[in-house]
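Read through the structure below, which is laid out as structure tokens, and then see the notes.
There are 2 protein chains.
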Amino acid sequence: MTKSPMLIALCILLLSSCQVQENDRFPNIVVIFTDDLGYGDIGVFGHPTIATPHLDRMASEGLKFTQFYSGASVCTPSRAALLTGRLPIRSGMASSQTRVLFPFSTSGLPASEITIAEMVKERGYATGIFGKWHLGHLPQFLPTAHGFDEYFGVPYSNDMRPTPESRWVAAQNYPPLPLLENDSLIEESPDQRLLTKRYTEKAIDFMTRHSEKPFFLYVPHTFPHIPLYASSDFEGKSARGLYGDVVEELDWSVGEILQAIRDLKLEEETLVIFTSDNGPWLVMNEEGGSAGLLREGKGSTWEGGMREPTIAWWPGTIAAGKVTQSLATMMDILPTAAELCEWQIPEDRTFDGVSLLPIFNDTQAEVREVVFYYLGAELFAVRKGPWKLHFKTLTPYVGQQAESHDPPLLYHLLHDPSELQNIAEDHPDMVQNLRTVAQEHLNSFVPPPSELEKIDTALYNGSKSYPAFY
Amino acid sequence: MTKSPMLIALCILLLSSCQVQENDRFPNIVVIFTDDLGYGDIGVFGHPTIATPHLDRMASEGLKFTQFYSGASVCTPSRAALLTGRLPIRSGMASSQTRVLFPFSTSGLPASEITIAEMVKERGYATGIFGKWHLGHLPQFLPTAHGFDEYFGVPYSNDMRPTPESRWVAAQNYPPLPLLENDSLIEESPDQRLLTKRYTEKAIDFMTRHSEKPFFLYVPHTFPHIPLYASSDFEGKSARGLYGDVVEELDWSVGEILQAIRDLKLEEETLVIFTSDNGPWLVMNEEGGSAGLLREGKGSTWEGGMREPTIAWWPGTIAAGKVTQSLATMMDILPTAAELCEWQIPEDRTFDGVSLLPIFNDTQAEVREVVFYYLGAELFAVRKGPWKLHFKTLTPYVGQQAESHDPPLLYHLLHDPSELQNIAEDHPDMVQNLRTVAQEHLNSFVPPPSELEKIDTALYNGSKSYPAFY
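Here the protein sequences line up with chains A and B, keeping their order.
When we follow the working numbering, the leftmost residue of the first sequence carries the number 570, and every step to the right adds one.
When we follow the working numbering, the leftmost residue of the second sequence carries the number 570, and every step to the right adds one.
Structural data, given as structure tokens:
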């Protein structure tokens, strides 16, 4: 058979157009991140009285993860884990004394860390963050110093604001909550009722402005961290009360972002991941969330503290309406993004993630077997496959000290997701196996000094007041 | 304009054909009922390691109820409530001494009660039950005496079988578990691994044989009541262990039944309701289920004992992918069925249900405000709107006595679904309001003698052995 020159030309044209398209357009990556949302706080994860039709739809069009973990059970280290793809203990973002960054902190995420934003920026992405940062509020630690082209949001938690009545000296004199745009203060004490809406508008505006080239959009919401605020469109609307109002507004925000992606006709080239930073703040009672059937919440290494309600959405790549029990962590997002934008992961440091693409395109059932549960700088527990071994446990925020367990507590998380039956005695081999996994991990690296412990003692003691912009 | 005789004739033809269709074909009604399945035991209600793709799909095509209640927290009275549309206390199916029927019981659901089966039979329906009855195993109490044309299944719970090692005398000498067809024993000690499959096959066969006229199909599964059994297709397959295997086989069964309805092209004329009889049997540990974020389980009047994972499915009538927080109970199914088949509800007795059609077709947000929580013959708690008042509580199956509360405990179930914050002191008016609701209810009727307390004392004492067919 002789090949027609016309046909050959057509093939070349087709091939080259594919090539061009691939190089021109890496997929967009969107991470929507809530603050203190519990595993059981959205409809498709079982909440009875918080209505989340947009997240439910996102799950029915996408992939629901039932065993997706945070890198920590509180804000700052969790965000470090997400953006660096590394355990917070490796980046100095862990401490057992000072669990998060405060207004009196003098450090933040080190410049030597590579964030997802820096990585994708090298590959031509536009990068934007609209929401809460909490990886350092001084200029050299802000998002704009970590690969983000654009920033709009608060630098730390929304309860870090003037609290003169606090019994905690350090909090008595906090400066007004700053709202930043890029590296400038634009408002003091912004109306928190409007934060979710403002982040959402900014996020959509960002996608609209950058619809012609790939973008990385990171929306780390301020809520449902306390104090709770919802806009007038949502306040008083949820059956669950104010906490529900706030979560339903976050759900609305997810719906707006997904709809904007559809309107921009980018749904087949945009991966969206929804997850949360850590478990629900249970001691806040009605103002805190629910971990569903999981034990405990924020600040704890029980499952409720670190397993997050997570949904991935990417029409055309991720099949609709799937549920995966695959183990995954937020540190897997960086390697996933690296694969998507063909970035070579450097070998000068250890990353703790693996790409989730084989889960997304259903070519592999499992991509990881082990999860480490740190509380501050200390390894409290380890999971391998179905087994979880607790060396220490803590019931957080009630003044209790951590309890050490020797022999450690062993649970089979698949059979016993609520961690009710310690079966260490029946499985001494498994206890030993997990002990070894933990020990080998701990022996494999030397943590750098903690950045979280670097504080301005005078601010902390209240002997100095905060400068105007902090 | 002159009307064309042709056009008039066509209109008459169309109208009359509609008329004929409506009269000829009331909608089919299918109730799939599990045994001891917990509120948190299926994917779309939040379970992480039990895979229920068919129930998840049923919810995504139908309506998920997040506040749907059983009529009791154990088997027999719950089934009485479902089939009669009345609180078990009205039908003699409640007792505080003998909570369910046993092989030594001598009574069952009274002939004077009207079941859904009897009702729809009057309106021309074929009626079939394939599964566990538990409303009386003597011939005069069997399904065939209560309106069912066809019966295949076990007469009571699957743990009511020879248990010579039991410390409970009454159970030492139980007869082999009977498998009945209509009113005849067809097998003793059937292979329980095959029960779910056999019920499913019979159910599909029943629908296929009766596809030309309306049918009422009731599939009260034997499982996940203990002892747990799954077929070889499911045993060892679920991440959750044997309990998960069993639930995943039930999920498969739901998928088969819905697919059969689609294959028969009956999906637009068939209402399917999936629910469970009571909460999970928590003291069974891994062999029991999970109530998710709800408190306690089977045998208790905390929410976990009586709130059921419920899905309604009726393509074309029920919109796809909706979630309702409307209060509903299984006693609402009879009035719903009555409205569907245009049956006049008799006025000689009190029914405790209301039709759910306004919820199904979304013309009304709420159809009921009050739920009564009986433990045995005693009213333990009452719910009105968001408020629940507990007069008594019990931690079941651990030998504890019921605890009386005066003042009673008050919870706001919408804000606090896990019943963690007793707020009675802050809301004395609401306590009084709910006390009045309870008192008026109790004053409004005189319960008949309990049928559950009618037992063969010699069988109970072990001084007589069971006859061949019981």
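Backbone N, C-alpha and C fix where the C-beta goes; we use that ideal spot for every residue, glycine too.
- For B:Leu989, count neighbouring Cβ atoms within 10 angstroms of its own Cβ and tell me buried if that reaches 16, exposed if not. exposed
> Taking the beta strand (DSSP E) that A:Pro789 falls in, what are its first and last residues?
Replying inline: 784-789
Does any CB atom of chain A fall closer than 9 Å to the CB of B:Thr618?
-> Contact of B:Thr618 with chain A is assigned, a C-beta pair being separated by under 9 Å.
| Residues bridged to A:Thr844 (per DSSP) | A:Phe602
Query raised in the report: Is it true that the CB of A:Gly858 sits closer than 9 Å to the CB of A:Leu606?
Result: yes
### chain A residues whose Cβ lies nearer than 8 Å to that of B:Asp625
Gly890, Val892
According to a CB-to-CB cut-off of less than 7 Å, which residues of the segment 808-822 of chain A neighbour chain B? Here the close residues are Ala808, Arg809, Gly810.
Q. Distance, Cα to Cα, A:Leu1041 vs A:Thr675?
A. It is not possible to answer for residue 1041 of chain A, since the shown part of chain A is limited to 570 through 1039.
Q. Which class does A:Glu1020 belong to by DSSP, given the choice of helix, strand or coil?
A. coil
Practice item. Take B:Phe843 and list the residues in its own chain whose beta-carbon comes closer than 7 Å to its own, dropping the five residues that flank it on each side. Key: Ile601, Leu624, Met627, Val823, Thr879, Ile880
Using the rule of at least 16 other Cβ atoms within 10 Å of the residue's Cβ for burial, across every protein chain shown, is A:Glu911 buried or exposed? exposed
**Asked** Along the chain, which unbroken stretches of the beta strand (DSSP E) at least 3 residues long are found entirely within the segment 705-782 of chain B?
**Response** 719-722, 747-750, 753-757
- Message: Counting only beta-carbon separations shorter than 9 Å, does A:Pro884 have a partner in chain B?
- Response: no
So A:Pro646 packs on A:Gly654, CB below 8 Å; how close in whole Å? Contact flag wrong, Cβ pair sits at about 13 Å.
Using a beta-carbon distance below 9 Å, is B:Asp931 in contact with chain A? no
Problem - Test: B:Ala897 CB closer than 9 Å to a CB of chain A - result: Judged by the 9 Å Cβ criterion, B:Ala897 is not in contact with chain A.
### Query
Between A:Lys766 and A:Ser800, what straight-line distance do the alpha-carbon atoms span, to the nearest angstrom?
Just so you know, the alpha carbons of A:Lys766 and A:Ser800 end up roughly 8 Å apart.
Rounded to whole angstroms, what's the CA-CA distance from B:Asn930 to B:Thr886? Just pull it up for me.
6 Å
- Message: Within the continuous alpha helix (DSSP H) that includes B:Phe929, where are the two ends?
- Response: 926-929
What residues of chain A sit near B:Pro1040, judged by a beta carbon separation below 7 Å?
Past the boundaries of the shown model lies residue 1040 of chain B; chain B is included only from 570 to 1039, so the question cannot be answered.
- Validate contact between the segment 751-759 of chain A and the segment 683-695 of chain A using beta carbons, cut 8 Å, 3 pairs: no
* **Proximity test, Cβ basis, 9 Å: B:Thr964 and chain A** => no
Going by beta-carbon coordinates alone, are B:Ser665 and B:Pro679 separated by less than 9 Å? Against a cut-off of 9 Å, the Cβ pair of B:Pro679 and B:Ser665 comes out as no contact.
*In this structure, what does DSSP give as the bridge partners for A:Trp882?*
DSSP, once it has assigned bridges, lists A:Val841 as partnering A:Trp882.
Three-state secondary structure (DSSP) of B:Gly873: Correct three-state label for B:Gly873: helix.
- Message: Please state the DSSP three-state secondary structure of B:Asn592.
- Response: Residue placement at B:Asn592 is poorly supported in this model, since its pLDDT is 46, which falls under 50; the coordinates still yield a value, given next. Of the three classes helix, strand and coil, the one that applies to B:Asn592 here is helix, per DSSP.
Next on the checklist: Using a Cβ-Cβ distance cut-off of 9 Å, determine whether A:Glu804 contacts chain B.
Outcome noted: no
Do B:Phe784 and B:Thr919 come within 9 Å of each other at the CB atom, strictly closer than that value? no
* Asked: Nearest-angstrom Cα distance between B:Thr777 and B:Val599?
  -> 13 Å
* **Bounding residues of the beta strand (DSSP E) (the contiguous stretch that carries B:Ala695)** => 695-699
* To do: Answer with buried or exposed for A:Asn592, where buried requires no fewer than 16 other C-beta atoms within 10 angstroms of its C-beta.
  => Because A:Asn592 carries a pLDDT of 46, less than 50, the predicted location of this residue cannot be relied on, and no value is offered for it.
Check your understanding: Applying a beta-carbon distance threshold of less than 8 Å, which residues of chain A neighbour B:Ser629?
Key -> What B:Ser629 touches in chain A: Ser629, Gly890.
- Message: Suppose you measure from the CA of A:Ala649 to the CA of B:Asp610; what does that come to, to the nearest Å?
- Response: 34 Å
TODO: Pull up the DSSP beta-bridge partners for A:Trp956, would you.
DONE: A:Lys953, A:His981
- When A:His984, A:Val788, A:Glu855 are compared against A:Pro712, the one with the closest alpha-carbon: A:Val788
>> Less than 9 Å between the beta carbons of B:Gln970 and B:Thr635, yes or no?
In response: no
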